[in-house]
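> So my numbering is basically just the index in the sequence shown, starting at one, shifted up by 719. Glycine included, each C-beta is placed from N, C-alpha and C at the ideal position. Predicted, not measured: the structure shown is a model, and the values here were computed from it. Quick one: the structure is below, questions incoming.
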Amino acid sequence: MKLCPISDSYLNVSGNCYDPDFINLTRIDDGRINFDSRVLFLSQTQKEKLNRDAVRNYKNAAFLVRRKNVYSLVADIDIDEYKNGRVKTHELVIPDTVQGMLANFNIYNTETQPVLLIHKEHLPLGEYAAKEENDGIYTVKDTVIYVYLGDRALRLLEMYNRQIGCLYVADGHHRLYSTSILRHKKTMLSCLADMDDVVIYPIHRILRNIDAAVFDAAKKMFQSRRMIADGRALKKGIVRITYGDETLYVRLSDIDGDEFWNNDVLRLNTQILTVAFRINDFSDLSFVSGNDFERGDYTLGRNDVLLEVCAPTLCEFVGFIDRDQVMPPKSTCFEPKFPSFLIMKKYR
720 MKLCPISDSY LNVSGNCYDP DFINLTRIDD GRINFDSRVL FLSQTQKEKL NRDAVRNYKN
780 AAFLVRRKNV YSLVADIDID EYKNGRVKTH ELVIPDTVQG MLANFNIYNT ETQPVLLIHK
840 EHLPLGEYAA KEENDGIYTV KDTVIYVYLG DRALRLLEMY NRQIGCLYVA DGHHRLYSTS
900 ILRHKKTMLS CLADMDDVVI YPIHRILRNI DAAVFDAAKK MFQSRRMIAD GRALKKGIVR
960 ITYGDETLYV RLSDIDGDEF WNNDVLRLNT QILTVAFRIN DFSDLSFVSG NDFERGDYTL
1020 GRNDVLLEVC APTLCEFVGF IDRDQVMPPK STCFEPKFPS FLIMKKYR
């Protein structure tokens, strides 16, 4: 595995914490955050607040991060590892998203959110952090960051380069693909985590403002094809569909001889969304991912249809990838993701 120190990294030492999906890119000029007039998705107040965040610059650094007694590594990975298949992907990328990212990579100059890569191998990171000399420790809330520079960073990464056979992309498919086709960007800011330290959550779908007649037509199709399940439990091969005060448990049809095509999200897309509800443009869907759904962190209107699925197990996830099979976008959500705007990498 070709892991390398981050040649020009920045640690946010302001004490502010941001959600993992907050922001992927920024500009750092003269050692300071610089959200300027080119940034259109933030208000002037937001830009001024973020620009005040203090950052500390490190050269040729790697970071061990402990969050709630779980360790991970933040470093750079050679994008050739993605191109040659040692960083294994499992989701299709969406062309429109890639085009937007390519444009943004040229507007900004600093990554603020590492892609999440997971591995099967168990590395003794707690022992390493306790025994090996570091170049500084920074703590923010429940996160402790161990800084390793120069030769110390190389020794830490050598442990990974020697022991890790391959990595699996848990989050960041579009960023990796976009980087792989850029000429000037040869590495990707990455967070590496033990597979046993992550949880796969499903990603549920919401259809907005569906007429009762459209729902009734879909229900009749399910009934005519004997897709309504006898039991009332959400499990593999079953989709729970809620509309108003009515709930259906719809059984997905198996396709013989190909385990990939029995992936629940693909069957949801092809057997329910496209056929029953006549939805062909999935960009109009709303998505509820991770434990947001468990916390009730979503809105469901009176005429909205909620479609719930089960997440694949880690064993199923690895099996899909090891067979070089690709899942639809928004098939999996891995937690915990690394915070945004905490460790940053200036790439230009």
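So residue 885 and residue 807 are in contact, right, with Cβ under 8 Å, and what is the actual spacing, rounded?
Indeed they touch by this definition, with Cβ atoms about 6 Å apart.
> Ordered along the chain, which non-local residues of its own chain (more than five positions away) have a Cβ less than 7 Å from that of residue 1029?
Here the set comprises 921, 953, 954, 955 and 983.
> Does the separation of the CB atoms of residue 893 and residue 946 fall below 9 Å?
Contact: no.
> Can you give me the start and stop residues for the alpha helix (DSSP H) that residue 792 sits inside?
Taken as a continuous stretch (DSSP letters only), residue 792 belongs to no alpha helix (DSSP H), being part of the beta strand (DSSP E) at 789-797.
> Taking the straight line between their C-alpha atoms, what separation do you get for residue 744 and residue 1014?
Using only the alpha carbons, I get a separation of about 28 Å.
> Where does the unbroken beta strand (DSSP E) through residue 838 begin, and where does it stop?
Element bounds for residue 838: 834-838.
> Counting only the same chain and skipping the five closest in sequence on each side, list residues whose C-beta sits under 7 Å from that of residue 733.
772 and 773, listed in sequence order.
> Please give me, in chain order, every unbroken run of the beta strand (DSSP E) with length at least 3 that falls completely inside the segment 979-1047.
Those beta strand (DSSP E) runs which fall completely within the segment 979-1047 and span 3+ residues are 1005-1008 and 1024-1027.
> Can you give me the start and stop residues for the alpha helix (DSSP H) that residue 951 sits inside?
No alpha helix (DSSP H) holds residue 951; DSSP gives it neither H nor E.
> In the DSSP assignment, what residue or residues form a beta bridge with residue 1068?
Not covered by the structure: residue 1068. The range shown for the chain is 720 to 1067.
> For a test of the three-state rule: what should DSSP assign to residue 923, helix, strand or coil?
Residue state, collapsed to three classes: strand.
> Can the beta-carbon of residue 971 be found less than 9 Å from the beta-carbon of residue 960?
Not a contact, by the Cβ cut-off of 9 Å.
> With distances taken between CB atoms, is the gap from residue 909 to residue 1040 smaller than 9 Å?
Result no, Cβ atoms of residue 909 and residue 1040 do not sit closer than 9 Å.
> Determine the contact status of residue 1096 and residue 1047, defining contact as a CB-CB distance below 9 Å.
The chain is shown from 720 up to 1067; residue 1096 falls before or after that span and cannot be answered.
> Report the CB separation of residue 925 from residue 1023 in whole angstroms; it is logged as a contact under 8 Å.
With a Cβ gap of about 5 Å, residue 925 and residue 1023 count as contacting.
> Strictly under 9 Å for the Cβ-Cβ distance: is residue 948 near chain D by that measure?
Absent from the structure: chain D. Only one protein chain is present.
> If I'm right that residue 937 touches residue 995 with Cβ under 8 Å, what's the distance once you round it to whole angstroms?
Residue 937 to residue 995, Cβ: 4 Å. Contact.
> Cβ of residue 783 within 9 Å of Cβ of residue 847?
Against a cut-off of 9 Å, the Cβ pair of residue 847 and residue 783 comes out as a contact.
> Spell out a yes or no on whether the segment 754-761 and the segment 835-855 are touching, meaning 3 or more CB-CB pairs, one atom from each, closer than 8 Å.
In short, these stretches do not touch, since the Cβ pair count stays below three.
> Taking the alpha carbon of residue 889 as the point to measure from, which residue in 762, 811 and 828 has its own alpha carbon closest?
Checked all of 762, 811 and 828; the closest Cα to residue 889 is 811.
> May I have the straight-line CA-CA distance separating residue 873 from residue 823, to the nearest angstrom?
Roughly 31 Å separates the two Cα atoms.
> Three-state secondary structure (DSSP) at residue 742?
Residue 742 falls in the coil class under three-state DSSP.
> So which of 786, 850, 1053 and 1009 has the shortest CA-CA distance to residue 863?
Nearest C-alpha to residue 863: 786.
> Work out the CA separation of residue 975 and residue 943 for me, nearest whole Å.
For residue 943 and residue 975, the distance between alpha carbons rounds to 21 Å.
> Please classify residue 793 as buried or exposed, where buried requires at least 16 neighbouring CB atoms within 10 angstroms.
When all chains shown are included, residue 793 counts as buried.
> Pull up the distance between the alpha-carbon of residue 917 and that of residue 860, whole angstroms please.
For residue 917 and residue 860, the distance between alpha carbons rounds to 20 Å.
> Just reading off the beta strand (DSSP E) that residue 1064 is part of, what are its end residues?
Here the beta strand (DSSP E) through residue 1064 covers 1062-1065.
> Which of the three DSSP states is assigned to residue 883 in this structure?
Here residue 883 sits in coil by DSSP.
> How would you label residue 814, buried or exposed, when you count the other beta carbons within 10 angstroms and need 16 or more for buried?
Classification for residue 814: exposed.
> Beta carbon of residue 727, beta carbon of residue 1066: below 9 Å?
In contact: residue 727 and residue 1066 (Cβ atoms closer than 9 Å).
> Buried or exposed, going by whether 16 or more other CB atoms sit within 10 Å of the CB of residue 750?
Exposed, because fewer than 16 other Cβ atoms sit within 10 Å of the Cβ of residue 750.
> Which residues in the same chain have their Cβ closer than 7 Å to the Cβ of residue 854, if we skip the five residues on either side of it in sequence?
Hits under 7 Å: 866, 867, 868 and 871.
> Helix, strand or coil for residue 720? Go by DSSP, reduced to three states.
It is coil, neither helix nor strand.
> Determine the extent of the alpha helix (DSSP H) in which residue 1053 is found, giving its start and end residues.
Segment 1052-1054 is the beta strand (DSSP E) holding residue 1053; no alpha helix (DSSP H) there.
> What separation, rounded to the nearest whole angstrom, lies between the Cα atoms of residue 1073 and residue 768?
Absent from the structure is residue 1073, since the part of the chain shown begins at 720 and ends at 1067.
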